[in-house]
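Number of protein chains: 2
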Amino acid sequence: MLQHFKREDDKLDRTARKEEILRLRDKLVNQQQAVLAAKLPVIVLVEGWDSAGKGNLINELICEMDPRFYSVAVFDRTHERDERFPFLQKFFQQLPENGKFLFMDTGWMEDTVTKYLRREITAEEYDRRVESCGVFERQLRDNGYVVIKLFLHISRKEQLRRISALWENRDTAWRVTEDDLWQQREYDRFLKTYDKFMETAAETAPWHVLDAESRKKSLLDALRAITLAVDRALEKGRYVGKASGREFPLLGGPSLKSADLTAAIDPAEYKTELKRLQKKLAVLHNQIYRKRIPVVICYEGWDAAGKGGNIRRLAYPLDPRGFDVIPISSPTPGELARHYLWRFWTRLPRSGHVAIFDRTWYGRVMVERIEGFCSQDDWKRAYGEINEFEKELTDFGAVVLKFWIHIDPDTQLERFEARQNTPEKQWKITEEDWRNREKWPAYEQAVEEMLLKTSTEYAPWHIIESVDKKYARIRTLQIVTDALERAVSENVVRGMKSLWTEK
Amino acid sequence: MLQHFKREDDKLDRTARKEEILRLRDKLVNQQQAVLAAKLPVIVLVEGWDSAGKGNLINELICEMDPRFYSVAVFDRTHERDERFPFLQKFFQQLPENGKFLFMDTGWMEDTVTKYLRREITAEEYDRRVESCGVFERQLRDNGYVVIKLFLHISRKEQLRRISALWENRDTAWRVTEDDLWQQREYDRFLKTYDKFMETAAETAPWHVLDAESRKKSLLDALRAITLAVDRALEKGRYVGKASGREFPLLGGPSLKSADLTAAIDPAEYKTELKRLQKKLAVLHNQIYRKRIPVVICYEGWDAAGKGGNIRRLAYPLDPRGFDVIPISSPTPGELARHYLWRFWTRLPRSGHVAIFDRTWYGRVMVERIEGFCSQDDWKRAYGEINEFEKELTDFGAVVLKFWIHIDPDTQLERFEARQNTPEKQWKITEEDWRNREKWPAYEQAVEEMLLKTSTEYAPWHIIESVDKKYARIRTLQIVTDALERAVSENVVRGMKSLWTEK
Chain A
61 MLQHFKREDD KLDRTARKEE ILRLRDKLVN QQQAVLAAKL PVIVLVEGWD
111 SAGKGNLINE LICEMDPRFY SVAVFDRTHE RDERFPFLQK FFQQLPENGK
161 FLFMDTGWME DTVTKYLRRE ITAEEYDRRV ESCGVFERQL RDNGYVVIKL
211 FLHISRKEQL RRISALWENR DTAWRVTEDD LWQQREYDRF LKTYDKFMET
261 AAETAPWHVL DAESRKKSLL DALRAITLAV DRALEKGRYV GKASGREFPL
311 LGGPSLKSAD LTAAIDPAEY KTELKRLQKK LAVLHNQIYR KRIPVVICYE
361 GWDAAGKGGN IRRLAYPLDP RGFDVIPISS PTPGELARHY LWRFWTRLPR
411 SGHVAIFDRT WYGRVMVERI EGFCSQDDWK RAYGEINEFE KELTDFGAVV
461 LKFWIHIDPD TQLERFEARQ NTPEKQWKIT EEDWRNREKW PAYEQAVEEM
511 LLKTSTEYAP WHIIESVDKK YARIRTLQIV TDALERAVSE NVVRGMKSLW
561 TEK
Chain B
61 MLQHFKREDD KLDRTARKEE ILRLRDKLVN QQQAVLAAKL PVIVLVEGWD
111 SAGKGNLINE LICEMDPRFY SVAVFDRTHE RDERFPFLQK FFQQLPENGK
161 FLFMDTGWME DTVTKYLRRE ITAEEYDRRV ESCGVFERQL RDNGYVVIKL
211 FLHISRKEQL RRISALWENR DTAWRVTEDD LWQQREYDRF LKTYDKFMET
261 AAETAPWHVL DAESRKKSLL DALRAITLAV DRALEKGRYV GKASGREFPL
311 LGGPSLKSAD LTAAIDPAEY KTELKRLQKK LAVLHNQIYR KRIPVVICYE
361 GWDAAGKGGN IRRLAYPLDP RGFDVIPISS PTPGELARHY LWRFWTRLPR
411 SGHVAIFDRT WYGRVMVERI EGFCSQDDWK RAYGEINEFE KELTDFGAVV
461 LKFWIHIDPD TQLERFEARQ NTPEKQWKIT EEDWRNREKW PAYEQAVEEM
511 LLKTSTEYAP WHIIESVDKK YARIRTLQIV TDALERAVSE NVVRGMKSLW
561 TEK
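Top to bottom, those sequences are chains A and B.
Each residue of the first sequence is one higher than the one before, counting from 61 in our numbering.
Each residue of the second sequence is one higher than the one before, counting from 61 in our numbering.
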């Protein structure tokens, strides 16, 4: 697109252009209200060359807008050195609430292209990230986000002219960075790479290349692109995507039916094993910390299956400076108003840390499915989206472990009744628990489907038989220590390699 | 306290101690429910020597607790180099919600003492920070927080023994840091400084010095201190503090009565002045960015006084990479469940950035006072707390500007009616606006009291006459550019000096 870009003269004269800008700015201000009423989230991604005027364009776009209903996110290349999360995390984190606009001063394009051209990531990792960007954009669209992608284009000559102008003025010389000069030198390589990148998710959301050599013209074109896209989205209503049909390396199980709920452990053996495994885990925690491996441990299971006690035994030997237990309950309004994975993306462990999720993103295909909190398209699409999410984590080098803490209905009843009859435990049992219990068959079906569709080679499910809670604790500890041992002993952790061997 | 610390033998034998630990741990678990029901926020601050076992103690305390109702905050000295906010910000940010526990692995004591002994801050700045810590603790208590302060004490010899043990083991040697060795060398200086620091806020919340040479004994003593403090707080109910009586350098005004609402500007002059001042502001924005001066601009005023348009003219020339407009509306449940300044502490501008607050913390002494959303003690105490908050900001080097955008009731009525009669502006006017209008006299009284009690030398109020909105815009631009010019031209920005001249 860029290589064959031709500057075209607008038919408008100066006055007409000015009037058109004022008209569209007004329109954008009014669209804010309509967008709010329709609960549409709108993302305006502004990419482009250094010195092309990205910041200025954003300012001209927002200058009449109501700040209650938009935000601006700036991704400054120079501050992004610290790669403690999967690269998409920083973009996910900024997602706007339904009804609001987000303007992004560069985003996943600049981040990906620059790291590649700087040789901070390998060619293989670059390809992987380009693919992830496509997945990200598809997920945004499918979850109702309106994404408008603008690219501010200037020629090499014009860029040089602008850099020189900054450089020659004593007050602005400091703004010229090494990065600017480097891009100017490497303009042609950037041009080709930008061009190629623009093929990503081109059907999901097309690029608008703006002629940034004229500020007014690019502003007008940006206003046109945005107001048109918003108008269309308002007309059609919020988009709900279907499942993408992408295939994953599924393991085809496990199934609840295969669980042996009589599994038990001798109390004396339990005591010895618990101590042994906890000690081992403490050592491994140190090692993953030093090797900067992030660890994500997911707990799902029936009410009263013993998740809490299981988690506590697992967490006990961990250094509190390096782990978090993250209890997941019903989403807050702010969480509900965003991509359903947002509240998990923003709670990922930093590399070298452990996050233990007490309930997880699988709520989408269990409680939200069964209670009708999301549409059928939503939960059917979620299996693939979740597989993509977990792939992003493991590609980054994370260990992802998923436990289904399993009991039978009779055991649950016993435990519910025991809670009811013990004064200091009564708070643990609510009306909702009894209601959920009545839906056991529906949940069972949902769980089986989940196990089938999200047990992947890179993030398999483990069913943990927990009629004997002690047995269950030892099992999870075993699986966790085994997995960490493997991760630590591997010389190369995949996703990290791309970052760390070359630095 | 530390210099005269004597190890004392507990009367308990090993078995009795173990049983007592189990009993108190159980008690702590049950207190979680009571604390939740009473909506008490509880902070357990764990300070102490390197290698004294702070992390371990926290782990032993939390191991049976329900992770839904506590969190752990770790302040790692080595990661705190980047001083972009007032030093208390990082502690404020972690404040727990009502009903929850927060365990802190070091806090404001270690942060302050270490920076001082490292000569990262001057002696003068150290004294200032010690005072701020006292203010912080008082504010926490007065706002209902239960703060339990523990110090894990070990002798110099014991510390050496522990460091050596780590060092001699191949797996743990990496955990010995330069900082540990430095503290060991400088043990005596630390001892004296810790001791002196412990006099801070001693009446507000006393320190518990624990004998950390014995893990079990210090665990037991920690459990005793925590459960006792929580029991007492549960018994007495949530504490509500009175105004502290501290004096501030008040300016004694301005008063609304002194405002000349006929003030106006000629439209042609407005146009020229607006351009000139906006251009000037753009240049100044660059300079404060380079000098790393944080800027906080507060907007308050009558409904329909023209805050929004005023803010937009001010924001227009700013580089979007360096400012945020922060609209403040009614607090979310998470905000409501914390210190009322929490949502402002967590939205401060980084040094070099500008934050424009559209409504502010002054809601406490206006809408919250008038609508009875807080108690009389709460809003009466707030004047002083707000003065302290703003002092912390300006001591750090921030420019704090406060505008009251002023009109008379007739002008408001005109504007309300105009909004009502313009279809695309109707959303701007609500039933609530009409209700607030009826309370004009009550608000007027509250505003006058606010202007009187919070107009300080370091953060004065400006009344901006806004019957002529154009006049008002020019006035704020003038005040802002003047203030930034002064800040930029001063060779030394107070609070920053302490940090930056020595680095």
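Where a beta carbon is used, it is the ideal one built from N, C-alpha and C, also for glycine.
- Taking the CA atoms as reference points, Thr406 of chain A sits about 43 Å from Glu504 of chain B.
- Within the stretch 398-418 of chain B, the residues whose Cβ lies closer than 7 Å to some Cβ of chain A are Asp418, listed in chain order.
- The secondary-structure analysis by DSSP pairs Glu360 of chain B across a beta bridge with B:Trp464.
- Rounded to whole angstroms, Tyr330 of chain B and Met125 of chain A show a C-alpha spacing of 22 Å.
- Residue range Phe383 to Pro387 is occupied by the beta strand (DSSP E) that includes Phe383 of chain A, with no alpha helix (DSSP H) assigned at that position.
- Taking the Cα positions, Glu445 of chain A is about 49 Å away from Thr536 of chain B.
- Beyond the five residues adjoining it in sequence on each side, Lys302 of chain B comes within less than 7 Å, by CB distance, of Asp437 and Arg441 in the same chain, given in chain order.
- Scanning B:Leu512, B:Ala112, B:Pro146 and B:Arg475 for the CA closest to the CA of Val356 of chain B turns up B:Pro146.
- The beta-carbon of Gly423 of chain A is placed no less than 9 Å from the nearest beta-carbon of chain B.
- Chain-order list of chain A residues neighbouring Glu124 of chain B: Arg372, by C-beta distance under 8 Å.
- Residue pairing by DSSP places Ala415 of chain B opposite B:Val356 and B:Asp384 in a beta bridge.
- Cβ neighbours of Glu197 of chain A within its own chain (closer than 7 Å, five residues either side excluded): Val207, Ala261, Thr264 and Ala265.
- Cβ proximity to chain B below 8 Å picks out Val343 and Asn346 from the stretch 335-346 of chain A.
- In this structure, Glu273 of chain B and Glu218 of chain B form a Cβ contact; the two beta carbons are roughly 5 Å apart against a cut-off of 8 Å.
- Among the residues of the stretch 70-96 of chain A, those with a Cβ less than 8 Å away from any Cβ of chain B are Asn90 and Gln93, in the order of the chain.
- Closer than 9 Å to the CB of Asn119 of chain A there is at least one CB belonging to chain B.
- For Thr516 of chain B, the beta-bridge partners assigned by DSSP are B:Leu310.
- Taking a C-beta cut-off of 7 Å against chain B, the contacting residues of the stretch 373-387 of chain A are Tyr376, Asp379, Pro380, Arg381, Val385 and Pro387, listed in chain order.
- Counted as a single uninterrupted DSSP element, the alpha helix (DSSP H) harbouring Glu170 of chain B occupies residues Trp168 to Leu177.
- Around the Cβ of Ala328 of chain B, a 10 Å sphere holds fewer than 16 other Cβ atoms; the residue is exposed.
- The beta carbon of Phe145 of chain B does not come within 9 Å of any beta carbon belonging to chain A, so the residue lies off that interface.
- DSSP places Glu428 of chain A inside the alpha helix (DSSP H), whose first and last residues are Val427 to Ile430.
- For the pair Gln149 of chain B and Pro409 of chain A, the Cα-to-Cα distance works out to about 22 Å.
- Judged by DSSP in its simplified three-state form, Ser131 of chain A adopts strand.
- Using a Cβ-Cβ cut-off of 7 Å, Gly115 of chain B is close to Asp379, Pro380 and Arg381 of chain A, given in chain order.
- The three-state reading of DSSP puts Gly108 of chain A in strand, counting E and B together.
- A distance below 7 Å between beta-carbons, with the five flanking residues on each side excluded, links Thr471 of chain A to the following residues of its chain, in chain order: Val527.
- In this structure, Val132 of chain B lies away from Phe152 of chain B, with their beta-carbon atoms at least 9 Å apart.
- Under DSSP, Leu453 of chain B shares a beta bridge with no residue.
- The stretch 284-300 of chain A makes contact with the stretch 92-108 of chain A: 3 or more CB pairs, one atom from each, lie closer than 8 Å.
- For Val132 of chain A, the C-beta contacts it makes with chain B under 7 Å involve Pro380, in order along the chain.
- The beta carbon of Gly366 of chain B sits no closer than 9 Å to any beta carbon of chain A.
- For the stretch 479-508 of chain A, the set of positions with a beta-carbon nearer than 8 Å to some beta-carbon of chain B reads Glu484 and Trp487 in chain order.
- Excluding its 5 nearest sequence neighbours in each direction, Leu378 of chain B has C-beta neighbours in its own chain below 8 Å: Leu341, Ala342, His345 and Val414, listed in chain order.
- Shown here for Asp281 of chain B: same chain residues with a beta carbon closer than 6 Å to its own, the five before and five after excluded, namely Leu270 in chain order.
- For Glu525 of chain B, the beta-bridge partners assigned by DSSP are B:His466.
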